[in-house]
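Participant: Residue numbers (the numbering used here): 48 to 501.
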Ligand SMILES: [Zn+2]
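#1: For the beta strand (DSSP E) containing residue 53, list its first residue and its last residue.
#2: I need the straight-line Cα distance from residue 129 to residue 341, nearest angstrom please.
#3: For residue 373 and residue 90, I'd like the C-alpha separation in whole angstroms.
#4: What span of residues does the beta strand (DSSP E) with residue 290 cover, start to end?
#5: Just verifying my parser: in three-state terms, what is the DSSP assignment at residue 435?
#6: If you run the structure through DSSP and keep just helix, strand and coil, what is residue 488?
#7: Taking residue 474 as part of the beta strand (DSSP E), name the residues at either end of that continuous run.
#8: Select from 274, 191, 328 and 231 the residue whose C-alpha is nearest the C-alpha of residue 200.
#9: Tell me the start and end of each unbroken alpha helix (DSSP H) in the stretch 206-283 that is at least 4 residues and wholly inside, in chain order.
#10: In its own chain, which residues sit with a C-beta less than 6 Å from the C-beta of residue 589, not counting the 5 before and 5 after it?
#11: So what's residue 422 in DSSP terms, helix, strand or just coil?
#12: Pop quiz: residue 411 and residue 368 are said to be a contact at Cβ under 8 Å. What is the actual Cβ separation, rounded to whole angstroms?
#13: Based on the DSSP secondary-structure assignment, which residues constitute the bridge partners of residue 77?
#14: Drop a sphere of 10 angstroms on the beta-carbon of residue 486, count the other beta-carbons inside from all chains shown, and report buried for 16 or more, exposed for fewer.
#15: So residue 411 is in the alpha helix (DSSP H); what residue range does that whole segment cover?
#16: Which two residues bound the contiguous alpha helix (DSSP H) that contains residue 307?
#17: Could you give the residue range of the alpha helix (DSSP H) that holds residue 393?
#18: Flag this pair as yes or no: are the beta carbons of residue 471 and residue 423 separated by less than 8 Å?
#19: From residue 196 to residue 220, what distance separates their C-alpha atoms?
#20: Check residue 204 in the structure and name its three-state DSSP category.
#21: Identify whether residue 144 lies in helix, strand or coil by the three-state DSSP scheme.
#22: Buried or exposed, going by whether 16 or more other CB atoms sit within 10 Å of the CB of residue 245?
#23: Using beta-carbon positions only, say whether residue 285 and residue 321 come within less than 8 Å of one another.
#24: So for residue 67, helix, strand or coil by DSSP?
#25: In whole angstroms, give me the CA-to-CA distance for residue 435 and residue 206.
#26: Report all residues from its chain with a CB closer than 8 Å to the CB of residue 417; omit the five preceding and five following residues, and keep chain order.
#27: Quick one: residues in its chain with C-beta nearer than 7 Å to the C-beta of residue 293, no 5 flanking neighbours on either side, listed in chain order?
#28: What are the start and end residues of the beta strand (DSSP E) that includes residue 333?
#29: Residue 368 bridges to which residues according to DSSP?
#30: Leaving out five residues on either side along the sequence, give the residues of the same chain with a beta carbon under 6 Å from the beta carbon of residue 498.
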């Protein structure tokens, strides 16, 4: 039976990230089961800044009538808090939490070939469960409610996601063809089983790793897989100069043109990085509505370069934010990515108007939802959407004096300000305490894995 438990967050400032960019002071959010029922002024509230919608008196009257029913609603006092949509981490490799701090000061190719790939061969399925839970704990603590992942043992990541209550879009990382291709495809089939979970929090993508690990014919196979399962594609694209130069040398075309020519761009594609592009590449990505995931920390740390984010935004393309794995970041905080995205765009272009805070916040929320094709469910606080909400402790020195809350959040905010997190209406962190993850147990298991492998 569908959970209809009711919750109400009262006296809370709200940043909805809806199309009108509605904000409320001393507002109220009502939740029924997994769904937001109402976002707006609180009955008797003197102040609202909502630009449209029904008159606030009518809304307030509806609220009062509802309240009079004498319900058993769980009430949260939101005084001093700011509610905003849970963040979307649109490109991650969550089990790579194992390699956090393990391989610094290397370029992408050295990092992968010398340090990461040899160790990944020793990973066991059960390891991925605990490493995923570690990453999930870190993300929930930082207000991330949905993430998109590409890696090994994704059914174990799906199990961790299911257990901790997060929302995720998961893709078994694919490369080849080689002797392991069939096994990987069986893992895709297993992962598809998780997508049928009736709670609907787990989605699947087909995730060819990159053009340098997938032969052109195999990319066509990936296209067929995506068509078979009726899902989109998640891929690394044009991350480094070397990737582009090798592709041009081997196939006589850029990675974007290669994806186009094998027909992959006909499907919904979410492409991570997109750092090194020609004008023709940009036109192709734009024309095929490819969603870009910008990963500024990873691009800086691996010295991959500066993605032309402002150009994507000028074209009206969907641009989300991703942390990439913890081995190349080294954390899973979208707060840092928001701030860096804006600062790097300004510093690199010499234009102080580049990528303002509002855009960065959109990339972390509604644009992230669009990149994962989940914008009907998440990404903003609106009636009918899933109750994926973070409450920020807004009574901190770095949030005063009270100016534009978005500017404060993007440039002054920090993961540690996230006080309470709800996903699908379920409280997964309350007053900074995780409710679905036994952190001490996760730490013990992760230390055991690290001791064995590193
Ligand atoms: Zn990546």
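By construction, the Cβ of each residue, glycine as well, lies at the ideal position given by its N, Cα and C atoms.
Facilitator: Here's the rundown:
#1: Run containing residue 53: 53-62, per the beta strand (DSSP E) assignment.
#2: Going by C-alpha positions, residue 129 is about 26 Å away from residue 341.
#3: C-alpha separation (whole angstroms): 44 Å.
#4: DSSP places residue 290 outside any beta strand (DSSP E); the residue lies instead in the alpha helix (DSSP H), whose first and last residues are 288-298.
#5: Residue state for residue 435 is assigned as coil, using DSSP reduced to three classes.
#6: Of the three classes helix, strand and coil, the one that applies to residue 488 here is helix, per DSSP.
#7: It spans 473-477 - the beta strand (DSSP E) in which residue 474 sits, taken as one unbroken run.
#8: Checking every option, the nearest Cα to that of residue 200 belongs to 231.
#9: 228-242 and 263-276, all fully within the stretch 206-283.
#10: Examination of residue 589 is not possible in this model, given that the chain is present from 48 through 501 alone.
#11: In the structure shown, residue 422 falls within a coil segment according to DSSP collapsed to helix, strand and coil.
#12: By a beta-carbon distance limit of 8 Å, residue 411 contacts residue 368. Their separation comes to about 5 Å.
#13: Bridge partners of residue 77: 55 and 85.
#14: Flag for residue 486 reads exposed.
#15: Run containing residue 411: 404-411, per the alpha helix (DSSP H) assignment.
#16: From DSSP, the alpha helix (DSSP H) with residue 307 extends over 302-308.
#17: From DSSP, the alpha helix (DSSP H) with residue 393 extends over 381-396.
#18: It is not a contact, given that the beta carbons lie outside the stated cut-off.
#19: Our two residues, residue 196 and residue 220, have alpha carbons roughly 9 Å apart in a direct line.
#20: Here DSSP, grouped into helix, strand and coil, assigns residue 204 to helix.
#21: Helix, per DSSP.
#22: Around the Cβ of residue 245, a 10 Å sphere holds fewer than 16 other Cβ atoms; the residue is exposed.
#23: Yes, the Cβ-Cβ distance between residue 285 and residue 321 is below 8 Å.
#24: For residue 67, the three-state secondary structure derived from DSSP is coil.
#25: Residue 435 and residue 206 have their C-alpha atoms some 20 Å from each other.
#26: Beyond the five residues adjoining it in sequence on each side, residue 417 comes within less than 8 Å, by CB distance, of 338, 365, 367 and 426 in the same chain, given in chain order.
#27: Correct list, in chain order: 259.
#28: It is not in any beta strand (DSSP E) - residue 333 instead sits in the alpha helix (DSSP H) that spans 326-334.
#29: Partner(s): 341.
#30: If the five residues before and after residue 498 are omitted, its C-beta is found closer than 6 Å to no C-beta atom of its own chain.
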